[in-house]
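K.L.:
Here's a structure for you.
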Amino acid sequence: MKRLSIPLLLLAAGSAAAAPATPGIKLNQVGFLPGAQKLAVVPQGASASRFEIVGANGKTVFSGALGKPARWDASGETVRVADFSALNTPGSYRLKVDGLAPSAPFTVQADGYRALNTAALKAFFLNRSAIALEPKHAGAFARPAGHPDDRVLVHASAASGARPEGSVLSSPKGWYDAGDYNKYIVNSGISTYTLLAAFEHFPAWFTRQDVNIPESGDGVPDILDEAMWNLEWMLTMQDPQDGGVYHKLTNLKFDGMVMPHAAMKDPRYVVAKSTAAALDFAATMAVASRVLAPYDRQWPGMSARMLAASEAAWKWAAANPAAIFRNPAGVVTGEYGDERVDDEFAWAAAELYISTGKDAYYQALQRDQAAVTFPSWSDVRALAWMSLAHHRERLGPAADHKLIADRIDELAAGLAREWRGSGYRVPMKPADMVWGSNAVILNQAMMLLQAYRLNGKPDYLMAAQSSLDYVLGRNAVDTSFVTGFGARPSQHPHHRPSIADGIAAPVPGWLTGGPNAGQADKKDCPPYPSTLPALSYLDHACSYASNEVAINWNAPLVYVTAALSELTPRPAKSMTDTLIPLDTLLRQEQVLQFDSFSNDTALEIGLKLIGMARASKKSVAVEIARNGTVLFAHGMNGTTRDHGDWIRRKSNLVNRTGHSSFYIHTQVRQNGGDHDAIPTLDARDYAAHGGSFPIVVRGTGQVGTITVSGLPGVEDHAMVVAALKDYLKVSEI
Ligand code: G3I
Ligand code: 9MR
404 MKRLSIPLLL LAAGSAAAAP ATPGIKLNQV GFLPGAQKLA VVPQGASASR FEIVGANGKT
464 VFSGALGKPA RWDASGETVR VADFSALNTP GSYRLKVDGL APSAPFTVQA DGYRALNTAA
524 LKAFFLNRSA IALEPKHAGA FARPAGHPDD RVLVHASAAS GARPEGSVLS SPKGWYDAGD
584 YNKYIVNSGI STYTLLAAFE HFPAWFTRQD VNIPESGDGV PDILDEAMWN LEWMLTMQDP
644 QDGGVYHKLT NLKFDGMVMP HAAMKDPRYV VAKSTAAALD FAATMAVASR VLAPYDRQWP
704 GMSARMLAAS EAAWKWAAAN PAAIFRNPAG VVTGEYGDER VDDEFAWAAA ELYISTGKDA
764 YYQALQRDQA AVTFPSWSDV RALAWMSLAH HRERLGPAAD HKLIADRIDE LAAGLAREWR
824 GSGYRVPMKP ADMVWGSNAV ILNQAMMLLQ AYRLNGKPDY LMAAQSSLDY VLGRNAVDTS
884 FVTGFGARPS QHPHHRPSIA DGIAAPVPGW LTGGPNAGQA DKKDCPPYPS TLPALSYLDH
944 ACSYASNEVA INWNAPLVYV TAALSELTPR PAKSMTDTLI PLDTLLRQEQ VLQFDSFSND
1004 TALEIGLKLI GMARASKKSV AVEIARNGTV LFAHGMNGTT RDHGDWIRRK SNLVNRTGHS
1064 SFYIHTQVRQ NGGDHDAIPT LDARDYAAHG GSFPIVVRGT GQVGTITVSG LPGVEDHAMV
1124 VAALKDYLKV SEI
């Protein structure tokens, strides 16, 4: 594929991520939880119509048909989807299509996102200001402390009576925003909120997590310790005189491409108070005050102090509703300027309502009628609804539960529609390929997950999984956008420590910004490979517009990987692992035989099976064949063509071996083998899973098969056996 132009390839020399010459198979290069939907995209050019999944030993474990060609406008491609969701056996695999190079390797693994989630959170620690990173926590990425920020100047734009221009403040701690070394309240707000929400929604996941930071083991989950590093800084950005909050703490211009401790010569300033900063601060502190309330022993008085700070900031914003931030003359660092603050008012009102229970905040929220849009630093309305939804049972009578659920479902339904219709099966539209597009799609995933938590619609969970798949490799540039993860990760982020630390690999666990149709850094970079939105990506350190990292992009990566880990259904282990003794299985084959087997017999047994499935509210496909002729076939509502393929492969096995497919399954497993990779059988044509049973006519031998598909193999098998026992009036076995 033509991702990198030749000069850029040379610049990127040393990268293990050489672009493949032809468009290849794109998939999540990290992998899938066993119960997740699992999709890959295959370029249309391939003439093959089927795909295979091969295990680490090269044996085929799964095969399926490619979906219909579908276009993705963002990349100008037509692709076909390979769906291997049914593969839930843990292992390491590749996907193959005749005529194409094999895919990157991926795993199917329970708890498969633990390392990624921990690294994504660790990245915040590695971006802390004002602290030396010790080797025992940071490994090779240890470094001296940067920017103590204990002597920061008040900029002319921020001057007030008690704090005239040039007065000195202490504003230490906090995370560097991104690839630069400045600290911005607006972006800190949404980032810190997202981490706090991840903990608030999935406490069990984070309570089990050891990120190996200096505070680990202090009785507080690491994610809260990490959030506290930034919350303490945010508190220093409030002017105690009036409750107003400075927009940012910054140099006048961006530092050079040096390590933090080598970038401390220029003075740093707090710059202008703004309405957006006050409201993002108010919202975040209101959340923090309730999430940290149980930790008053570790942080005495902190929760109450945060709530008071939040209310003071709200008051300031109410009195100054139009203090829109613009970089003052002479300040050229990140602006995070936001013309519209109605969404910030709504968010702060919602969080203050949840944390204080005061109806005045709910009334302020009610004035906001706008539809919910997925969140970004400049559009935080969705965060209000996400918090209201989580707390809906605790809200007072004023709160309208249906409205909360409907607002979130409306947003999710639109995203899911886009997901279903797009060639790459992503909720993101071509127009969403803006600066930080990888966070766009993960914030979309976060909202889909809110809807899923409310109403359990499977599409929402699958669309969220697809969003993660996209950033981990199922994208048009075949890149895992998380440093250090996947076979072809971003290697050259616009991140000053990654550029200046002398280590070839970038700091791990960072989500890079991703394709940005605006190509706003064109003048500072080698040419982009294409003007198409989804191809507007440069894995080059020059590219601040497509390859920077940022705290507000990593935060939804933390949220989404934890949420998918907690919400993805786990395949029922007890079912898939149940084995019946071999002698019992043999005995079934000997006893459940016929004196004759007519077309009517097939009809009666077939209907019996359907009746049994109905009675237990299960959905199955059934096929009964004699001497190669199908005498009965029915697929109940909810079954798909895939069930037909299982029937074909399971009955092939019975016709070849003379045994029930569950007998072969059990025999192989008892001998320590892999039933999905039997050396003498081609997995495209044979499946050693329960559900197919031989029809044996006494005196004649095997004449056909009765096959059920749709449940775990052991249950498919049990259903056939039960129907035969009933029909043949057998009570033993
Ligand atoms: O949302 C509009 C969209 O409607 C429009 O069609 C499109 C056309 O260009 O623009 C979209 O807005 C873009 C916006 O990002 C999307 O969030 C703006 O053009 C684009 O300029 C803006 O970029 C911001 C960038 O700073 C420049 O200001 C990014 O959001 C923001 O994440 C980034 O943040 C920087 C900080 O300033 C400094 N620290 C690093 C950080 C990350 O790069
Ligand atoms: O390095 C800066 C990056 O962190 C910011 O996000 C980006 C936003 O504007 O700006 C980068 O700085 C560039 C500047 O804007 C233009 N000249 C080149 C700078 C990077 O080399």
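Letter by letter, the sequence shown follows residues 404 to 1136 of this note's numbering. In this text, a Cβ means the ideal position worked out from N, Cα and C, and glycines have one as well. Since the structure is predicted, the reported quantities are computational estimates derived from the model, not experimental observations.
(1) Going straight from the alpha carbon of S466 to that of C928, what length do you get?
(2) Should F1169 be counted as a contact of ligand 2 given a C-beta to heavy atom distance under 7 angstroms?
(3) In angstroms, rounded to a whole number, what distance separates the CA positions of M850 and R1072?
(4) Ligand 1 heavy atoms versus the CB of A675: any closer than 7 angstroms?
(5) For N1030, collect the residues of the same chain with a Cβ closer than 8 angstroms to its Cβ; drop the 5 residues on either side in sequence, then sort them by chain order.
(6) For ligand 1, which residues count as neighbours when the test is a C-beta closer than 5 angstroms to any heavy atom?
(7) With hydrogens ignored, establish whether the beta-carbon of D927 is closer than 7 angstroms to any heavy atom of ligand 2.
(8) Go ahead and pull the three-state DSSP assignment for V1117.
(9) For a quick check, are the C-beta atoms of A675 and S560 less than 8 angstroms apart?
(10) So, helix, strand or coil for Q994, using DSSP?
(11) What does DSSP give as the partner residues of P1097 in its beta bridges?
(12) How about T1110 and K1053: do their beta carbons lie closer than 8 angstroms?
(13) Are the beta-carbon atoms of V614 and Q701 separated by less than 8 angstroms?
(14) V589 by DSSP, collapsed to three states: which one?
(15) At a threshold of 7 angstroms, does Y940 count as lining ligand 2 (C-beta to nearest heavy atom)?
(16) Identify the continuous alpha helix (DSSP H) that holds Y855 and give its terminal residues.
(17) Compute the Euclidean distance between the alpha carbons of Y496 and N1040, then round it to the nearest angstrom.
(18) Can you tell which of H943, S677, L982 and T1103 has the C-alpha that lies nearest to the C-alpha of F1171?
(19) Does DSSP put S779 in a helix, a strand or coil?
(20) DSSP on D486, reduced to helix/strand/coil?
(21) Classify Q612 as helix, strand or coil using the three-state DSSP reduction.
(22) Can you give me the C-alpha to C-alpha distance between I1027 and T463, rounded to a whole angstrom?
(23) Hey, would you say the C-beta of Y947 is under 7 angstroms away from at least one heavy atom of ligand 2?
(24) For the alpha helix (DSSP H) that contains K1182, what are its first and last residues?
(25) If we count the other Cβ atoms within 10 Å of its Cβ and call it buried at 16 or more, is R729 buried or exposed?
(26) Leaving out five residues before and five after F435 in sequence, what residues of the same chain have Cβ atoms less than 6 angstroms from its Cβ?
(27) If distances are taken between C-alpha atoms only, which option among I807, L845, P778 and S713 comes closest to A792?
(28) Would you grab the beta carbon distance between K1023 and F1065 for me? Rounded to a whole angstrom, and I think it's under 8 angstroms.
(29) I need the boundaries of the beta strand (DSSP E) containing K651, first residue and last residue.
(30) Closer than 7 angstroms to a non-hydrogen atom of ligand 2 - does that hold for the CB of H897?
(31) Who are the near neighbours of S977 in its chain, counting only those whose CB is closer than 7 angstroms to its CB and skipping five residues on each side?
(32) Going by Cα to Cα distance, which pick from G461, F487 and K499 is closest to A451?
(33) Should P900 and W913 be called a contact, given that it needs their Cβ atoms to be closer than 8 angstroms?
(34) Can you round the beta-carbon distance between Y962 and A600 to whole angstroms, since I take them to be within the 8 angstroms contact cut?
(35) Would you call the CB atoms of P830 and S870 closer than 8 angstroms?
(36) List the endpoints of the continuous alpha helix (DSSP H) containing V1033.
P.N.:
Per the coordinate set shown:
(1) 43 angstroms
(2) Lying outside 404 to 1136, the shown extent of the chain, residue 1169 is not represented and no answer is given.
(3) 42 angstroms
(4) no
(5) V1106 and G1107
(6) D580, A581, D583, G737, V837, W838, G839, G921, E951 and A953
(7) yes
(8) helix
(9) yes
(10) Note on residue identity: the sequence assigns Val, not Gln, to residue 994. V994 falls in the helix class under three-state DSSP.
(11) T1108
(12) yes
(13) no
(14) helix
(15) no
(16) S840 to N858
(17) 32 angstroms
(18) Residue 1171 lies beyond the residue range present for the chain, which begins at 404 and ends at 1136; the question has no answer from this structure.
(19) strand
(20) strand
(21) coil
(22) 27 angstroms
(23) yes
(24) Outside the displayed range of the chain (404 to 1136) lies residue 1182, so it cannot be described from this structure.
(25) exposed
(26) K441 and V511
(27) I807
(28) A quick correction: the sequence has Val, not Lys, at residue 1023. 15 angstroms between Cβ atoms; not a contact.
(29) Y649 to T653
(30) yes
(31) At S977, the pLDDT of 45 sits below 50, so the modelled position is not reliable and the matter cannot be decided from this model.
(32) K499
(33) no
(34) 7 angstroms
(35) yes
(36) Run containing V1033: none in the alpha helix (DSSP H); it sits in the beta strand (DSSP E), T1032 to G1038.
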